[in-house]
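Note sheet for the following structure.
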Amino acid sequence: MNASPTVEITGVTKTYGKVRAVTDISCVLREGETIALVGHNGAGKTTLIKLMLGLIGPSAGTVRVLGEDPAAGQFAARRRLGYLPENVSFNMSLTGRETLGFYARLKRAPLDSVETLLHRVGLTGAGDRRIGTYSKGMRQRLGLAQALLGRPRVLLLDEPTTGLDPALRRSFYEIVADLRADGATVLLSSHALTELEGEADRVIIVNRGVKIADGTIEDLRRIAQLPTRIRVRYSDADASRMDEWIGRTGAWRRINGHMLEMDAGPEEKLSLIRRAASADAPIADLDIVPPTLDELYAHFLGSEAATR
Ligand code: ATP
């Protein structure tokens with residue numbers, strides 16, 4: 018991808034006394050990229066986000082956001098940065114509309130964007146209610162609207178979908194897709210790996226402050242070489258033919274009376290699928306389940322532990 022870099026992190030280490038929150042991390046994030054930053058509790062995700070926001074400075078290395086040092090006194094690019102913290106907290110006695118208006122003034126964003134954003138996150142009707150009466154999901158959506166003020170070029174969203182029901186999660190990812198199309202860099206820090214599949218262009222895995230994987234899900238699948246699960250279904254009438262067929266095709270696991278599955282390594286996957294799809298195979302249906310992001314994550318954590 019040739020898009021311009023928006024965030025450049027080079028050899029960054031951050032220590033708090035004896036605690037190393039982040040160790041020698043380098044990465045470049047680009048325009049129009051949606052990146053999932055994943056890792057266990059305490060892995061260093063929030064520290065990385067704070068470094069990009071300039072809330073803290075690195076102990077070693079450099080951070081550049083939109084070409085500037087975010088920890089420097091003059092950080093003009095701050096207005097082009099959107100941030101949704103892990104725990105959004107607002108003044109409960111203000112209304113949603115007042116709160117967004119307040120942040121719009123702080124960010125010097127046009128005041129009419131308040132209405133557009135309230136609408137975008139589905140809070141137009143609740144805009145004049147006190148935030149104290151909002152549900153957690155509504156507060157989370159207000160937080161997102163706040164992060165979107167000023168049409169940011171870089172959005173840093175810490176656990177953004179916590180508290181959102183599936184429908185709201187969908188609409189959240191639609192907003193992310195619009196931002197990506199508009200050329201923004203969107204960094205999503207999350208534990209919810211399964212839901213990030215299909216949403217993130219790239220995944221960065223951190224563990225104990227160290228970056229242990231960085232690439233598209235396809236890259237990570239290629240590197241991990243994990244097997245693909247192939248599941249076949251057959252009808253009762255074909256049960257005996259099926260016994261004979263699996264005798265010829267190897268290590269299937271029985272799921273139930275009419276379903277079998279097998280883990281196929283990258284080299285045998287295609288030939289197995291061809292055999293299962295051939296006219297003489299007594300198979301009614303076939304599912305191909307590639308390794309999930311959860312499985313890839315476990316794999317990379319496991320290989321990192323093995324090298325320690
Ligand atoms: P979570 O998923 O739980 O939010 P995280 O990946 O965001 O975790 P960080 O909050 O970045 O992790 O923390 C990384 C490490 O740095 C942890 O060991 C944490 O205890 C430590 N740490 C973070 N901030 C401070 C601080 N201000 N003082 C001392 N240690 C800190």
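Taking the working numbering, the leading residue of the sequence shown gets 18, the next gets one more, and so forth.
Backbone N, C-alpha and C define an ideal beta-carbon position, used for all residues, glycine too.
For clarity, every value in this text was computed on a predicted model and none was experimentally measured.
In the DSSP assignment, the residues bridged to N273 are M276. For I52, the CB contacts under 8 Å within the same chain, skipping 5 residues up- and downstream, are L46, T202, V203, L204, L205, A217, D218, R219, V220, I221 in chain order. Per the coordinates, the alpha-carbon of F317 lies some 44 Å from the alpha-carbon of E132. Under the three-state reduction of DSSP, P283 is assigned to helix. Per DSSP, reduced to three states, the secondary structure at I300 is coil, with no helix or strand assignment. If you draw a straight line from the Cα of P22 to the Cα of A77, it comes to about 21 Å.
From the listed residues Q242, L140, A254, the smallest Cα separation to E284 is found for Q242. The three-state reading of DSSP puts V193 in helix, counting H, G and I together.
Collapsing the DSSP output to three states places T40 in a strand.
Cβ contact annotation for P169 (same chain, cutoff 7 Å, sequence separation greater than five): R97, L98, G99, A201, in chain order. Residue state for L173 is assigned as strand, using DSSP reduced to three classes. In this structure, the beta-carbon distance from L134 to L111 does not fall below 9 Å.
Contact check between the stretch 299-309 and the stretch 234-252: three or more CB pairs, one atom from each, fall below 8 Å, which counts as touching.
Following the DSSP letters along the chain, one finds Y33 inside the beta strand (DSSP E) bounded by residues 22-33.
A94 carries a helical assignment under DSSP once its states are collapsed to helix, strand and coil. Taking the Cβ atoms as the reference, G113 lies roughly 5 Å from G144, within the contact range of under 8 Å. For A20, the Cβ stays outside the 8 Å cut-off from all heavy atoms of the ligand ATP. Annotation for R248: the continuous beta strand (DSSP E) segment containing it runs 245-250. Under the 10 Å beta carbon count, I272 is surrounded by fewer than 16 other beta carbons and is classified as exposed.
The beta-bridge partner set that DSSP reports for R47 consists of P22. Using a Cβ distance threshold of 9 Å, R37 and T27 do not count as a contacting pair. Counting along the chain, A121 sits inside no beta strand (DSSP E); it lies in the alpha helix (DSSP H) bounded by residues 113-123.
According to the DSSP assignment, I222 belongs to the beta strand (DSSP E) that extends over 219-224. V82: member of the beta strand (DSSP E) spanning 77-82, first to last residue.
Closest in alpha carbon position to E278, among L83, R156, I263, is I263.
In terms of CA proximity to N224, T63 leads the group T63, G49, E50.
For the pair A301 and R250, the CB atoms are nearer than the 9 Å cut-off. One alpha carbon belongs to Q91, the other to R122, and they sit about 19 Å apart. As a beta-bridge residue in DSSP terms, R147 pairs with T112. By the Cβ neighbour-count rule, G226 is buried, with 16 or more other Cβ atoms within 10 Å of its own.
V220 has its Cβ no nearer than 8 Å to any heavy atom of the ligand ATP. By the Cβ-count criterion, E212 is buried, with 16 or more other Cβ atoms from all chains shown falling within 10 Å of its own Cβ.
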